[in-house]
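Undergrad: Before anything else, here's the structure in question.
In structure tokens, the structure reads:
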């Protein structure tokens, strides 16, 4: 004899339903505790990755283009001053974005975990490209100001721009993945609310 179906139960609320921690949908005590960490981490990851992507996009679309419109000595002076000011700020934002997305990848499940993990890998990519691509060239530019500009300076500056575009694309993609993650959470909450309303 088959077990009667409880039609008053909202979809996805059965004992075998998989619940995304932090989504607020059918969460038990353990998921509630985990969700208490996930919600602020999700906000922090979205904020820091958004700042990172915004800063890099502004630099690529505006600052780098302005560099090309001024004399070389002005460009090198401004470039050195800008990198000196940007260094501590951008490194801090990168660190916060990396740690928060990595923590989300550990705490979340299924698709959300994959999105957060990929975003974390992309933020790490921005750091590695910056550290081993842009920063060494920044050091060279600083030396040029104190000595003389080498004959192949145009090629070196083009290489810096290429590294900058790579890290910009990585940061922007990481931010878009986190937006997708948050949109999925909102959609699940909306679906659960509609299911509960229909059952009532």
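Residue numbers (our numbering): 2 to 201.
Note that the Cβ used here is the ideal one computed from N, Cα and C, for glycine as well.
The structure displayed is predicted, hence computed values, not measured ones.
1) Return the CA-CA distance between residue 169 and residue 162, expressed in angstroms with no decimal places.
2) From this set, 185, 188 and 171, which residue's C-alpha is nearest residue 58's C-alpha?
3) Pick out whichever of 89, 135 and 118 has its Cα sitting closest to the Cα of residue 102.
4) What span of residues does the alpha helix (DSSP H) with residue 90 cover, start to end?
5) If I measure Cβ to Cβ from residue 142 and keep anything under 7 Å in the same chain, skipping five residues before and after, which residues do I get?
6) If you draw a straight line from the C-alpha of residue 85 to the C-alpha of residue 95, how long is it?
7) Measuring straight from C-alpha to C-alpha, what distance separates residue 44 and residue 69?
8) Examine the Cβ distances between the stretch 146-163 and the stretch 117-132 and report whether three or more of them are shorter than 8 Å.
9) Per DSSP, what kind of secondary structure is residue 70 in: helix, strand or coil?
10) Just verifying my parser: in three-state terms, what is the DSSP assignment at residue 151?
11) Looking only at C-alpha atoms, which of 184, 38 and 188 sits nearest to residue 109?
12) Smallest Cα separation from residue 205: which of 139, 135, 149 and 186?
13) Below 8 Å on the Cβ atoms is my guess for residue 105 versus residue 42; work out the distance and round it to an integer in Å.
14) Since residue 122 contacts residue 50 with CB under 8 Å, what's their CB separation in whole angstroms?
15) Quick check on the burial criterion: 16 or more other C-beta atoms within 10 angstroms. Buried or exposed for residue 1?
16) Starting from residue 133 and walking both ways along the alpha helix (DSSP H), at which residues does that stretch end?
17) Report the rounded CA-to-CA distance for residue 107 versus residue 153, giving the unit in angstroms.
TA: For this structure:
1) Here the question's residue 169 lines up with position 168 in the chain shown. Here the question's residue 162 lines up with position 161 in the chain shown. Whole-angstrom Cα-Cα distance: 10 Å.
2) On the chain shown, residue 58 is found 57 positions in, with the first residue counted as 1. Out of 185, 188 and 171, 171 has the C-alpha closest to the C-alpha of residue 58.
3) Working through the chain shown from its first residue, we reach residue 102 at position 101. Closest by alpha carbon: 118.
4) As a working mapping, residue 90 is identified with position 89 in the chain shown. Start and end: 73-108.
5) In the chain shown, the residue the question calls residue 142 occupies position 141. The beta carbon of residue 142 is closer than 7 Å to those of 77, 80 and 81 in its chain, skipping five residues each way along the sequence.
6) If you number the chain shown from 1, residue 85 lands on position 84. If you number the chain shown from 1, residue 95 lands on position 94. Rounded to the nearest angstrom, the two C-alpha atoms are 16 Å apart.
7) What you label residue 44 is simply residue 43 of the chain shown in a count that begins at 1. What you label residue 69 is simply residue 68 of the chain shown in a count that begins at 1. Cα to Cα, the separation comes out at about 37 Å.
8) No: the two stretches stay apart, fewer than three of their Cβ pairs being nearer than 8 Å.
9) Against the chain shown, residue 70 aligns to sequence position 69. The answer is helix: DSSP assigns residue 70 an H, G or I state.
10) As a first step, residue 151 must be located in the chain shown, where it is residue number 150. Coil.
11) Taking the first residue of the chain shown as position 1, residue 109 is located at position 108. The shortest C-alpha separation from residue 109 is found at 38.
12) Any answer about residue 205 is impossible in this case: the structure gives the chain only from 2 up to 201.
13) As a first step, residue 105 must be located in the chain shown, where it is residue number 104. As a first step, residue 42 must be located in the chain shown, where it is residue number 41. Their Cβ separation, rounded to whole angstroms, is 5 Å, which keeps residue 105 and residue 42 in contact under 8 Å.
14) Locating residue 122 in the chain shown gives position 121, counting from the first residue. Locating residue 50 in the chain shown gives position 49, counting from the first residue. About 12 Å separates the Cβ atoms of residue 122 and residue 50, ruling out a contact at the 8 Å cut-off.
15) As shown, the chain starts at 2 and ends at 201. That puts residue 1 outside it, with no answer to give.
16) Stepping through the chain shown from its first residue, residue 133 is reached at position 132. Residue 133: not part of any alpha helix (DSSP H); DSSP gives it neither H nor E.
17) Indexing the chain shown from 1 puts residue 107 at position 106. Indexing the chain shown from 1 puts residue 153 at position 152. If you take the alpha carbons of residue 107 and residue 153, they lie about 46 Å apart.
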